[in-house]
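Notes follow once the structure below has been shown.
Numbering (full-length UniProt numbering), first residue to last: 1 to 178.
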């Protein structure tokens with residue numbers, strides 16, 4: 001009788017440890033797939049009525065586009081929203097950030113994709129609002145090659161989606177007219 005109980009007890013312990021091992025294996029395999037996704041856009045239409053103004057706000061059309069971006073990102077989970085410190089980029093980023101209950105975080109276009117930025121955005125999904133020159137430059141910096149040229153100054157609808165999954169990098173360019 002004691003032998004039978006010992007045998008049953010050993011079987012239960014063995015089964016329990018196998019289950020824990022399976023959970024640990026599943027956890028480890030999930031942890032090995034690290035995905036970072038960057039959505040990069042240029043600011044919406046800016047007010048060009050005063051050529052002397054170096055930091056113009058958005059036009060009504062630009063405000064509508066900024067709200068359209070918020071609609072576009074509505075079903076996409078974002079961990080952070082970044083923008084340069086210019087009025088037009090902050091105005092473009094703000095509707096999306098508000099919907100997501102996030103603050104618009106500044107980034108320095110002169111120091112794109114540095115180690116601090118990489119580390120703080122690793123394994124996250126991030127929106128980055130920039131300019132016709134900084135948006136493709138940021139993509140180039142992320143992928144490690146100069147592949148994308150400056151955007152046309154009237155292009156306010158392009159969306160670069162850069163996905164880093166472990167050692168692979170994928171770039172997709174979409175045109176979003178909202």
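For each residue, glycine too, the CB sits at the ideal point set by N, CA and C.
- Message: Please return the same chain residues whose Cβ sits closer than 6 angstroms to the Cβ of residue 95, not counting the five positions on each side in sequence.
- Response: Position 95 of the chain shown, counting from 1, holds the residue named residue 95. Taken in chain order, the residues that qualify are 66, 67, 70.
Next item on the list: Out of 54, 49, 92, state which residue places its alpha-carbon closest to the alpha-carbon of residue 63.
Entry: Here residue 63 refers to the residue found at position 63 when the chain shown is read from its first residue. Of 54, 49, 92, the residue nearest in Cα terms is 92.
Notebook entry, point to check: To which residues of the same chain is residue 157 closer than 6 angstroms at the C-beta, ignoring the five residues directly before and after it?
Noted result: Position 157 of the chain shown, counted from the start, is the residue given in the question as residue 157. 175, 176, 177, listed in sequence order.
Note to self: So, with DSSP's three-state summary, where would you put residue 109?
What the structure shows: Translated into positions along the chain shown, residue 109 becomes position 109. Three-state DSSP puts residue 109 in coil, outside helix and strand.
Pair within 8 angstroms by beta-carbon distance, residue 127 and residue 73
Along the chain shown, read from residue 1 onward, the residue named residue 127 stands at position 127. Along the chain shown, read from residue 1 onward, the residue named residue 73 stands at position 73. In this structure, residue 73 lies closer than 8 angstroms to residue 127 by Cβ.
- Query: Among 132, 114, 76, which one has its Cα closest to the Cα of residue 42?
  - Reply: Here residue 42 corresponds to residue number 42 of the chain shown, with the count starting at 1. Selection 132, 114, 76 evaluated against residue 42 yields 132 as nearest (Cα-Cα).
_Does residue 34 pass the burial test, meaning 16 or more other C-beta atoms within 10 Å, or should it be called exposed?_
By 1-based counting over the chain shown, the position of residue 34 is 34. Label assigned to residue 34: exposed.
- request: For residue 179, collect the residues of the same chain with a Cβ closer than 6 angstroms to its Cβ; drop the 5 residues on either side in sequence, then sort them by chain order.
  value: Any answer about residue 179 is impossible in this case: the structure gives the chain only from 1 up to 178.
Review point. Taking the alpha-carbon positions, what's the residue 142 to residue 98 distance?
Key: Here the question's residue 142 lines up with position 142 in the chain shown. Here the question's residue 98 lines up with position 98 in the chain shown. If you take the alpha carbons of residue 142 and residue 98, they lie about 26 angstroms apart.
Open item on the list: Between 115, 136, 146, 78, which has its C-alpha nearest residue 124's C-alpha?
Closed with: The residue given as residue 124 occupies position 124 in the chain shown. Distances from the CA of residue 124 to each of 115, 136, 146, 78 were compared; the closest alpha carbon is that of 78.
Measuring only the C-alpha atoms, how far is residue 48 from residue 56?
Numbered from its first residue, the chain shown carries residue 48 at position 48. Numbered from its first residue, the chain shown carries residue 56 at position 56. Near 7 angstroms, if we compare the C-alpha coordinates of residue 56 and residue 48.
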